[in-house]
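These protein sequence lines map, in sequence, to chains Z, V, S and A.
Position one of the first sequence corresponds to residue 3 (the numbering used here), numbered consecutively onward.
Position one of the second sequence corresponds to residue 48 (the numbering used here), numbered consecutively onward.
Position one of the third sequence corresponds to residue 48 (the numbering used here), numbered consecutively onward.
Position one of the fourth sequence corresponds to residue 892 (the numbering used here), numbered consecutively onward.
Data block below; observations after.
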Amino acid sequence: VSNEPAEEEGSDSEEMSSEEGSGGTMNDEPGETVTIGFSAPAADHGWMGAITSAAEDAAADYEDVELRVAEGTNDVNVQISQIETFIADGVDAIVLLPFDGAALTDVATEAMEAGIPVVNVDREFSSPFAARSTVLGDNYGMGVSAGTYICEQLGDQPDAVVAEIQGIASLPLTQDRSQGFEDALADCGLDVDNQVAAEFTVQSGEQVTANLLQAAPEIDAIWNHDDDQGVGVLQAIENAGRDEFFMVGGAGSLDVMEHIQSGDTVLEATVVYPSTQAADGIKLARLIAQEKNLGDLASSTVPRTVQLYAPVVTADNVDQFMDIGFRS
Amino acid sequence: MSEQQTPSSPAADNPTKHRESSRSRLGLSGATVRNLGLVAALLLLCLVGFLTGGDRFASVQNLMIVLSLASVTGVIAIGMTFVITTGGIDLSVGSVLGLTTVWASTLATQTMADQYGWIVMVGCALLVGLAAGLINGVIIAYGNVVAFIATLSMLVAARGLAELIANRRTQIVNQSSFESTFQGDLLGVPKIVWIFAIVAVAGWFLLNRTTFGRRTVAVGGNAEAARLAGINVKRHLLYVYGLAGLTAGVAGVMLLARTGAGSSTNGLLLELDVIAAVVVGGTLLVGGRGTIVGTVIGVLIFATLTNVFIINNIDSSVQQIARGAIIVAAVLLQQRFARRSTS
Amino acid sequence: MSEQQTPSSPAADNPTKHRESSRSRLGLSGATVRNLGLVAALLLLCLVGFLTGGDRFASVQNLMIVLSLASVTGVIAIGMTFVITTGGIDLSVGSVLGLTTVWASTLATQTMADQYGWIVMVGCALLVGLAAGLINGVIIAYGNVVAFIATLSMLVAARGLAELIANRRTQIVNQSSFESTFQGDLLGVPKIVWIFAIVAVAGWFLLNRTTFGRRTVAVGGNAEAARLAGINVKRHLLYVYGLAGLTAGVAGVMLLARTGAGSSTNGLLLELDVIAAVVVGGTLLVGGRGTIVGTVIGVLIFATLTNVFIINNIDSSVQQIARGAIIVAAVLLQQRFARRSTS
Amino acid sequence: MVTEDPAAPLLQMQGIVKHFPGAKALDGVDLDVLPGEVHCLLGQNGAGKSTLIKVLAGAHQPTAGTILMDGQEIQISHPVAALEHGVATMYQELDVVDGLTVAENIYLGHELASAGFTQRRTVASRTRELMARLGHPEIPPHREVGELSAAGKQIVSMARALSRDARVIVMDEPSAVLDSGEVDNLFRVVDELTSQGVAIVYISHRLEEIRRIGDRITVLKDGVTVGRNLDVADTPTDELIKLMTGKNVEYAFPERPGVPQDAPVRLEVTDLSLSGVFSDVSLSIRAGEIVGLAGLVGSGRSEILETIYGARRATHGRVQLDGKSLRRGSVGAAVAADIGLAPEERKSQGLLLDEPVYRNVTLSSFARIARGGWLDERAEKAAATEQAAALDLRPAGVDRAIRTLSGGNQQKAMLARWLVHGCEVLLLDEPTRGVDVGARSEIYDLVRRLADAGTAVLVVSSEIPEVLGLADRVLVISDGQVVHSGPAESIDEHQVLDMVMEGSAA
Ligand SMILES: Nc1ncnc2c1ncn2[C@@H]1O[C@H](COP(=O)(O)OP(=O)(O)OP(=O)(O)O)[C@@H](O)[C@H]1O
Ligand SMILES: Nc1ncnc2c1ncn2[C@@H]1O[C@H](COP(=O)(O)OP(=O)(O)OP(=O)(O)O)[C@@H](O)[C@H]1O
Ligand SMILES: [Mg+2]
Ligand SMILES: [Mg+2]
């Protein structure tokens, strides 16, 4: 079905995603079977859904990986219990996208102490001893990229009106993104005039944007943190018949890339925040558990931290990125 | 139930001499007075909106935005009013709404709609909503499971099913006949607002002018008396939950039109907003009294509140604190209003 | 209230009304029979766990995992049992829990704790919880605002306040005396499980053996009768909501110990889980009947369910569907059990 | 009124048995009802009268027995079946829906509707007719029933039974909440119905009512028929009471020993007012005195009691106990000062229906019995059992849910509450409502004994003979004003009625 993530559409030999370099085919050779426990927050928005699906798909591609997926939850208490269960079960590795990095640090440390390597994805633990390896998106960098892009476009207009549509405001990652955005805008003398918070969902995106457009009759640029809520944001913009501004997205869904490509909306660019992180996490966990290394690296083991880059996708370079866009 | 939930204790009142109050002198019914209090709260909110937002608040365009916002919640709130009037609750509406948007926007449904027209998508949403509601109803009425638990289970299960069907992806609506039918305006008013208006009026007639509505009140007010009067209480509850599911389906169609996307995250946490609007509107949680007009005003209050906050560009944390305080204040104001006008 | 919520409405010829008989011959109280049904559901779940998970399920270590998971929810559920027994509801517990974790882990509090010991952090959490509960209580008891609305407002407001205080960041607990006191095991059992056990036992005594508990049942059973018998209903409601807030504070301490981090997102959506556990446990939503033992079993059922799912590695979406179905099945089983044992 | 052919009963119930879990409510009851007669059903509290008529109404399913209508056996498996066979019922518990209007309540379950839409105009005009027929043309069809008094609700309930065009109308203690004027009205309607051939099954504990309208009597005792089709005119009261109770009960008020002039004033009420309800009520009761309040339904008697008790906040005036002023609007203060109130509507104001009898009995005193906040259930049960025995509560066990007790026994439990608590001042609102003849005299004796022990008692009753017979002194209330105060001996029923009517006409 076309709903498969673009990343997985490639042939079997091109398993490794682009961030890891063209994967060593050697590493794809089946090794001893490893059991990987995977726990992530509830799939209550598109990106998180894509994360979980991508992880499941990645594991399905290896016959030597048995993936145990815990029910997605936004309750750290439950997530801790899930990790405890994985520890008790003696899985070979754990891939953990914590709802809250700090809150899961203790239990992850426990797992490490029990000899189970933990791969931390997306939201960072508060202690370096809690994970064997960390796959990080760059939330601050995402804000910076978006801000820089807007600066490039509007840098000569100090009075330009910039609006920001956040995701769930209470999440630290949202704060990181906003901070980066603010800092980058400050560099060119701009600031955020209107800020609203949605909930990473299409419905909330539509709602807050409809109101935002009313609150700000003239806008020059909008940064929307998340492309999934962006579906609603775009619809609200269309409903309001507004087009005097341009918009920058976030995350990099395939849908958004198509819009950028065709130029049929105000969406000019998006900042990639890869939804393949967890899939990478699974792959790293498998390698760690099998004591292998990343193919192209000279060092003999999997590195501690893999920080993903947050590039800006525009009409000029969208073709390059189409294959990592996720179907939100 | 605790005292504060049954404000009308059996008023020992002579059948020959009616309770003398200014409101009966004014010829107003109890429901009208309660609604007046609500209208006052809404007007106060609008005044604040006007003072702080000026023309950005007080424009036809903004009115349409607020109404559009209120529409999806509002349609479900109409169904919920019936459920709460029976003394029940339906926590699953948000999640069922999500399920209907997903089911109605699958590739298969949209492809069929290309062939047979938008009716396929709409029919799908309504049927799915109705079915979920009827399942709730069967479990509650015939399984004797408390509504809270039955519908909480449906909340969780419908969300899971929606995720399975959508494979956790957002499904974009491309079906042109659907879009042209439900998106955009009619006579300057968004079509979904028209739908809300129609559902609200139909709901009002259904509750106040039909046998169905009177039985709903009876079942909620005194289930035993209703049974003894020959009403099939269980069957009636089944219908009422079916109705709530159906309104979730209608809201699903509206949301699909408005956001152009079906997603299992649609309707997340909507249930609390809907119930809050219904209860603030004056429908009693213990059952036996429901008001559609109150519900509509309740929904408008919440939509206006969101609008005023955003127009004033208030920090979202501060918004939340203010929102909590304002809801309580509105309810207190409404009570004071009702009390003063009857003393 | 609708029929299904008042299983013992006057003189209806409904199977649920026949409960009185043979169980009284067996010398079992009504509460005991209902709890037996629950225990059966829990055992069935454990059987499934054992059959599918074998030793991975049936181990002391796994038992401790389940108990730890149950503890935080469980402590709040004890407070909630009192609230629901009065016929009220407290939707704010999850959000108040979040607020207490934030307040107790601010830099200022932790610095003070370095000086005066962990008592500062614990005291802070308990006070904040208690204060939030008392505010709920005042609004409900003296402001006559429906509990649903009052506590929903508190939910929103407390979350906003927590965000403001924490500046939406997660605050890490470094306070060593706190960590050493509350983290880890005691006699092979995690300390937070001990706290849960103590709170549960205290709650049982409070509800069943003290005048406070008797008043709680009386207020929920018939607030007007309680008032006319000389019970200060308003003040009692104030205390009960205060108690619920206090348990949220205790749970906050436990969660801080368990996660080592205070965050405004702690306790998100917890209220529904807690209420579900209490109601599945057999406490009536309309008030007048509460059971601490049932609540504890209810909490354990939910925790075990989560555990069995993880052990069996079921797809997350399917898990949700199954969860919905299992909750309904458990309640139905419990009812059947109660019915059979009395006929 | 008896039809020409007494051999052709309209309705027959034969060998009806109804078992509740743990209780045999009916154990073989027969009932024959002729067309056009008023058939009275008598029996002590808990004899099974309400259960029998609920079986007839389809609200309960009998364990055994047959029901015949016009000689044909019929099944009444649910309430609709009963209504279809022409049996309409006014239940003992008020069975109206507060949130609906008068008209909607009357037509509930058989709404006049076209295509689902209620025909409001037709319904309203028919309701107006029914209300006029019942002597209450002033109750508008669109008034919410929740705003009516208990009497008003009873009238609506009656109108509903009339609206069904029934052949048999069952009335379970309809007069309990009505005053004498209302009762006259009721009887007028009953006469009208019987003359049209409708049969009435009438339940009441007031024997004088049965004398007035009854044709034949069936007596129940402990779930069996002990008196069958007795002719009202030929059966002396003594015999009826003997059948019901199984013993000879003298149906008389206890003697008044007379209150000594130097007895201290226990309760002193000065210029008590509640705006819109009553004003400037002053009264004083001495230790050992019983004062009765007489008046029409709705004259404000209940409110006076509740205001003295602090359940309503007086707008002005003061209440003193033994010379000390009570805090206004505080029930707690009143209870602490040993003032007790047995409220009028026991279901909504008095009882925790799902709780056991003993907890209902100790509801105002469990905190006193407790030690430092810890309940002493054993002592509670002992105290409750003692008072239950003193009042002859049936069944005697105090562990069963009070919901399963018959109405009269629930009333006794309410009184037991204040006996356990011990009172300086006892406020009784309709203490014998729904109480059977035997228990009634027990209650009278008990009240008198309490007074003799020094309690000041204030009694409200809609039965004027009861007020006159029991009280030492009578206050007549009309329209929220005290219009007369004097010794009970020096006034008779007609004088009271005259004063009451005059006041309300003014
Ligand atoms: N639902 C029930 N469960 C158990 N026992 C019941 C139930 N309903 C009634 N009973 C018992 O059946 C017996 C008959 O009760 P019923 O209400 O018919 O008496 P009654 O003759 O109407 O008395 P009253 O004059 O006080 O109204 C009583 O002993 C009562 O306790
Ligand atoms: N909640 C209320 N608000 C306004 N007026 C009320 C209220 N309750 C009662 N009344 C009025 O107070 C008056 C007295 O009613 P009350 O019930 O005290 O009469 P009563 O003499 O006790 O009659 P009953 O025999 O029915 O008990 C009535 O005129 C009634 O209409
Ligand atoms: Mg009876
Ligand atoms: Mg009265």
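All residues carry an ideal CB built from backbone N, CA and C; glycine is no exception.
Predicted model, so just to flag it, every value in this text is computed and none were measured.
Chain-ordered neighbours of residue i on chain V, where CB pairs are closer than 7 Å
| i | result |
| --- | --- |
| Z/A217 | R103, I357, I358 and N360 |
| S/F259 | Under the 7 Å cutoff, chain V gives no residues; its nearest Cβ is about 16 Å from S/F259. |
CB contact below 8 Å: residue i versus chain Z
| i | result |
| --- | --- |
| S/S142 | no |
| S/L315 | yes |
| S/Q366 | yes |
| V/G299 | no |
Minimum C-alpha distance to residue i - residue among the options
| i | options | result |
| --- | --- | --- |
| A/Q1010 | V/A276, V/N255, V/V149 and V/R103 | V/N255 |
| A/Q1240 | A/V1311, A/A1202, A/T1128 and A/A1273 | A/A1202 |
| V/A377 | S/N191, S/D102 and S/V246 | S/N191 |
| Z/D2 | S/A304, S/I212 and S/A249 | Any property of residue 2 of chain Z remains undetermined from this structure, which presents chain Z solely from 3 to 330. |
| V/I368 | S/S139, S/G135 and S/R81 | S/S139 |
| A/R1324 | A/K1044, A/A973 and A/V1068 | A/V1068 |
| A/D1336 | A/R1219, A/E1357, A/K1044 and A/R1097 | A/E1357 |
| S/G126 | S/V297, S/I186, S/G329 and S/Q381 | S/V297 |
| S/R262 | A/D923, A/R1019, A/R1259 and A/R1147 | A/R1259 |
Proximal chain A residues relative to residue i, where beta-carbon distance stays under 8 Å
| i | result |
| --- | --- |
| S/R256 | W1265 and L1266 |
| S/G268 | L1243, L1244, D1245 and E1246 |
Neighbour flag for residue i against chain C, beta carbons, 8 Å
| i | result |
| --- | --- |
| A/G1000 | Note that chain C does not occur in the displayed structure, where the protein chains are Z, V, S and A. |
Proximal residues of chain V, C-beta to C-beta of residue i below 8 Å
| i | result |
| --- | --- |
| A/A948 | L275 |
Under 9 Å from the C-beta of residue i: neighbouring residues of chain S
| i | result |
| --- | --- |
| V/N183 | Those do not exist, as V/N183 stays about 10 Å from chain S at its closest Cβ, beyond 9 Å. |
| Z/I284 | Going along chain S, no residue has its Cβ under 9 Å from Z/I284, so there is no contact; the nearest lies around 15 Å. |
Below-8 Å beta-carbon distance, residue i vs any chain V residue
| i | result |
| --- | --- |
| Z/V233 | yes |
| A/V988 | yes |
| Z/A280 | no |
Residue-chain proximity (residue i, chain A), Cβ-Cβ < 8 Å
| i | result |
| --- | --- |
| S/N279 | yes |
| V/A194 | no |
| S/A369 | no |
| S/G337 | no |
| V/A272 | yes |
| V/V264 | yes |
Any non-hydrogen atom of ligand 6 within 7 Å of residue i CB
| i | result |
| --- | --- |
| A/S1095 | Ligands present in the displayed structure are limited to ligand 1, ligand 2, ligand 3 and ligand 4, and ligand 6 is not among them. |
Counterpart residues of residue i in DSSP-defined beta bridges
| i | result |
| --- | --- |
| A/Y1093 | A/C931 and A/M1062 |
| Z/A166 | It should be noted that the sequence gives Glu, not Ala, for residue 166 of chain Z. DSSP output for Z/E166 lists Z/Q197 and Z/W225 as bridge partner(s). |
| A/G913 | Beta-bridge pairing links A/G913 to no other residue. |
| A/L1163 | A/V1172 |
| Z/E68 | Z/T37 |
Within chain V, partners of residue i - CB distance below 9 Å
| i | result |
| --- | --- |
| Z/E201 | T312, L315 and L316 |
Beta carbon proximity, residue i to chain S, threshold 8 Å
| i | result |
| --- | --- |
| Z/N79 | yes |
| V/G207 | yes |
| V/N82 | no |
Contacts of residue i in chain Z (Cβ-Cβ under 8 Å)
| i | result |
| --- | --- |
| S/L332 | Near S/L332 there are no residues of chain Z at all, since even the closest Cβ is about 23 Å away, more than 8 Å. |
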